[in-house]
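Colleague: Provided herewith is a single structure, encoded as structure tokens, for subsequent inquiry.
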Amino acid sequence: MAGPEDSGGGVRMAGYLDKRGKMKLVSTWKRYWFVLKDQLLLYYKSQLECLNLSACRGSLNMGLASCVRPGAHRGLPQLGRKATP
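full-length UniProt numbering puts the sequence shown at residues 1 to 85.
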């Protein structure tokens, strides 16, 4: 992951992460370039796609995340929301 000194424009951190796909029977893991900008975690197919100012593939609002726990895939952290009553 790149530190905040490597980029500007409100970017706090950037680098490659693995993201689990949404398959019905078998979920696969794919590598994406993620950028944490303010409270949004944006992801792109590659760093080059991001540098070319292409539209992001998706985003996660980190302001909604309320917990981080170890994941089943290589022990990497998972983000989640606490159940509301």
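In this text, a Cβ means the ideal position worked out from N, Cα and C, and glycines have one as well.
Would you decide whether residue 4 is buried or exposed? Buried here means 16 or more other CB atoms lie within 10 Å of its CB.
Modeller: With a pLDDT of 42 at residue 4, under the threshold of 50, the modelled position of this residue cannot be trusted, and the question is left open.
Colleague: Between which two residues does the alpha helix (DSSP H) harbouring residue 51 extend?
Modeller: 47 to 51
Colleague: Return yes when the Cβ of residue 43 is within less than 8 Å of the Cβ of residue 29, no when it is not.
Modeller: no
Colleague: Am I right that residue 62 and residue 39 are in contact with their C-beta atoms under 8 Å? What's the rounded C-beta distance?
Modeller: 5 Å
Colleague: Should residue 59 be labelled buried (16 or more other beta-carbon atoms within 10 Å of its own) or exposed?
Modeller: exposed
Colleague: In its own chain, which residues sit with a C-beta less than 8 Å from the C-beta of residue 24, not counting the 5 before and 5 after it?
Modeller: none
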